[in-house]
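Residue numbers (the working numbering), protein chains in the order written: chain V, 27 to 293; chain H, 116 to 376. Let me begin by presenting the structure, written as C-alpha cells, before commenting on it.
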C-alpha cells in the first residue's frame with residue numbers, strides 16, 4: 027500500500043488501531059481499525075449517536091481514547107507535527123472579532139494579507155470588516171472554512187459542518203469544499219448524516235455502526251459528480267438501505283432521507 | 116404644508132411627552148411654594164433651589180464639594196472594583212482559586228457595608244480613609260460576582276475551538292475569555308457605580324467635613340432646605356452621569372454585540 031505513494035499529496039495518512047472510547051458504562055467506539063490514505067476524502071455516515079462524531083473528536087485530540095491509538099504518517103497524532111483543523115456544525119466564530127480577525131485567529135506577525143487571501147478563496151473579501159452576527163449561516167461556515175484553510179492543514183476534520191444550512195447553500199458549500207480539497211490536497215474526514223452528501227464528496231464512504239466500521243465503500247465515480255447519474259443513485263441507495271436495515275434504537279429513520287428528497291426537488 | 120407641519124408637530128410632541136409630567140410637577144411645586152401651600156421648611160421653591168445652586172457656585176463652595184465627592188467615588192470605586200475584578204478573575208479562571216477563595220468572598224459579601232460604619236469610624240475616624248473604605252467595600256462584590264459569573268459562562272464551544280487553534284494562556288484569555296466575560300463584567304460595573312454613590316452619601320452625611328453629603332448635613336443645621344434639596348439633586352445628577360459613562364463604555368467595548376448595533 028505504502029510503496030505506491032507517488033501522488034503529490036500534502037495530506038497525512040491515518041492509521042487507526044484498536045480505538046475504543048467509553049463514556050462511563052456506554053461504549054461509543056469499540057476496537058475500531060481504519061486506514062486512510064494521504065489526501066483521501068473520506069465521508070463518514072451513520073445514525074445519530076453511532077460514534078461518528080466521537081471518532082472525529084478523538085482524531086482531533088479533543089477527547090482522549092480509552093484504548094488504542096491514532097497514527098499520522100506512522101507517528102502518534104499528539105506530537106503536534108501535523109496541522110489538523112476541525113470545522114464544527116456551528117461556525118464557532120468569535121462574535122467580538124471581525125470576520126478578518128476571526129480568520130487570522132492564532133496567527134502572529136503580518137497575518138492580514140494571508141487572511142484576506144483565505145477570505146478570497148471562500149468568496150467573502152467584501153465582508154472582511156463585518157461582525158459575525160451580521161453574516162448568514164452559510165457565510166459564517168465559509169469564514170470558518172477560511173479560518174481552517176489559512177493554517178494549510180494536512181488533515182481537515184469536518185463535523186457535520188453543513189448540517190444547519192439550507193439545501194441550496196449546502197450544495198454551494200459542498201462544491202466549495204470539493205474545489206478547495208482538489209487544490210490543496212489535504213486529507214479530509216467528513217462526518218455527515220446526509221448520505222447524498224457523502225456519496226457526492228467522498229472517495230470512500232464509511233458507515234459506522236455499533237462503534238465499528240459497518241460498511242467501507244469506494245466511490246468510483248468521476249468528479250464533479252452528477253447527482254442524477256444512475257451510478258450515483260445506485261451507490262446512494264446501497265448505503266441508505268444499509269443504514270436503514272440495521273435495527274436502530276428508534277424506529278424513525280434519520281432526517282437524511284427527507285432532506286434527500288428536498289434536495290432532488292431543489293435541483 | 117399643513118401636513119408637513121403636522122408631522123413635525125407630532126414628532127416634537129413625541130419627544131416632549133416623557134417630560135410633561137416632570138415639568139408639570141415642577142410647575143405645581145413652584146406654585147404651591149409661592150402661594151404658601153408648602154412652607155419653605157418642608158420644601159423650598161424650585162427657583163429657590165436654583166438660586167442656592169447659583170450662589171454656592173459663585174462662591175466656589177459647590178465646585179469644591181462636588182470635586183471632593185467625585186474623587187472619593189472614583190478612588191473608592193477604582194480600588195474596590197479593581198480588587199473585585201482581580202478576585203473574580205482568580206476564582207473564575209482557576210479551580211484552585213475558586214476552591215480557596217469563593218466561599219470566603221461570598222461570606223463577606225453578605226455583610227451589609229453600612230453595618231460596618233461604627234467599626235469603620237473606630238478604625239479610621241472620620242478621615243478620608245473611612246469613606247474610601249466604605250465605597251471600596253461596597254463596590255467590590257458586584258464587580259466580583261459578575262466577573263466570576265461572566266468567566267464561568269463563556270461559551271465552552273468557543274474555548275474548545277480556540278484551543279484547537281493553538282490558543283493557550285494569555286492569548287486565550289485576551290482573545291476569548293475576557294471578551295466573552297466582558298458583557299457580564301460591565302453589568303457589575305454599572306451596579307457598583309450606583310452602589311458607590313449610595314455609600315458615599317451615607318458616609319458623607321455621617322462623618323465628613325467636605326463633600327456633597329457634608330453640604331447637605333451642614334445646611335440642615337441652619338434649616339437651609341434649599342441647599343439640602345440641591346445636594347439631593349446633585350447626587351441624582353452624579354449618579355446619572357456615572358451610569359451614562361458606563362453605558363458609553365458598553366457601546367464602545369460591546370459594539371460587536373447585536374444588542375448594540
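C-beta: ideal position from N, C-alpha, C; glycine also.
8 Å or more divides the Cβ of residue 86(V) from the Cβ of residue 228(V). Proximity of chain H to residue 79(V) at the Cβ level (cut-off 7 Å) is not reached, the minimal Cβ distance being about 13 Å. Judged by DSSP in its simplified three-state form, residue 57(V) adopts strand. Taken in chain order, the whole beta strand (DSSP E) runs of length 3 or more contained in the segment 126-179 of chain H number zero. Under DSSP, residue 156(V) forms no beta bridge with any residue. Of the residues 173(V), 238(V), 212(V) and 47(V), the one whose Cα lies closest to the Cα of residue 126(V) is 173(V).
Rounded to the nearest whole angstrom, the CA to CA distance from residue 61(V) to residue 112(V) is 19 Å. Cβ proximity to chain V below 9 Å picks out 270, 272, 273, 275, 276, 277, 278, 279, 280, 281 and 282 from the segment 262-284 of chain H.
Not a single C-beta of chain V is nearer than 8 Å to the C-beta of residue 317(H). Residue pairing for residue 68(V): DSSP places it in a beta bridge opposite 215(V) and 230(V). Taking a beta-carbon distance threshold of 8 Å, residue 302(H) does not count as an interface residue toward chain V. Between residue 175(V) and chain H, the shortest Cβ-Cβ separation is not below 8 Å. Taking C-beta separations shorter than 6 Å and ignoring five residues to either side along the sequence, the partners of residue 164(V) in its chain run 191 and 195, following chain order. Inter-residue distance for residue 131(V) and residue 280(H) is about 8 Å (C-alpha atoms, whole angstroms). Residue 212(H) and residue 365(H) have their C-alpha atoms spaced approximately 28 Å apart. Note on geometry: alpha-carbon atoms of residue 90(V) and residue 84(V) lie some 6 Å from one another. Contact between the segment 227-242 of chain H and the segment 178-187 of chain H is absent: fewer than three C-beta pairs spanning the two stretches fall below 8 Å. Against chain H, the beta carbon of residue 91(V) has no neighbour under 9 Å; the closest one sits roughly 17 Å away. Residue contact with chain V for residue 371(H): present (Cβ-Cβ distance below 8 Å to some residue of chain V).
DSSP places residue 44(V) in the uninterrupted beta strand (DSSP E) bounded by 40-49. Residues 115 of the same chain have their beta carbon placed closer than 6 Å to that of residue 189(V), with the five preceding and five following residues left out of the count. Judged by their CB atoms, residue 214(V) and residue 230(V) are not nearer to each other than the 8 Å cut-off.
For the options 171(H), 159(H) and 252(H), the alpha carbon positioned closest to that of residue 198(H) is the one of 252(H). Look at residue 187(H) here: in three-state DSSP terms it is helix. Boundaries for residue 332(H): no beta strand (DSSP E) harbours it, while the alpha helix (DSSP H) harbouring it runs 327-336, taken from the DSSP string. In the three-state reduction of the DSSP assignment, residue 206(H) falls in the helix class. Under the Cβ distance rule, residue 162(V) does not count among the residues neighbouring chain H, no pair being separated by less than 8 Å. A straight-line Cα-Cα distance of about 31 Å links residue 218(H) and residue 354(H). The beta carbons of residue 305(H) and residue 250(H) sit no closer together than 8 Å. Scanning chain H for C-beta atoms nearer than 9 Å to the C-beta of residue 86(V) yields 279, reported in chain order. Residue 95(V) has its alpha-carbon roughly 15 Å from the corresponding atom of residue 237(V). Shown here, residue 165(V) sits in a helix according to DSSP, grouped into three states. Under the three-state reduction of DSSP, residue 93(V) is assigned to strand. Per DSSP, reduced to three states, the secondary structure at residue 358(H) is helical. Cα atoms of residue 135(V) and residue 178(V): separation of roughly 17 Å, rounded to the nearest angstrom. In the structure shown, the three-state DSSP call for residue 246(V) is coil.
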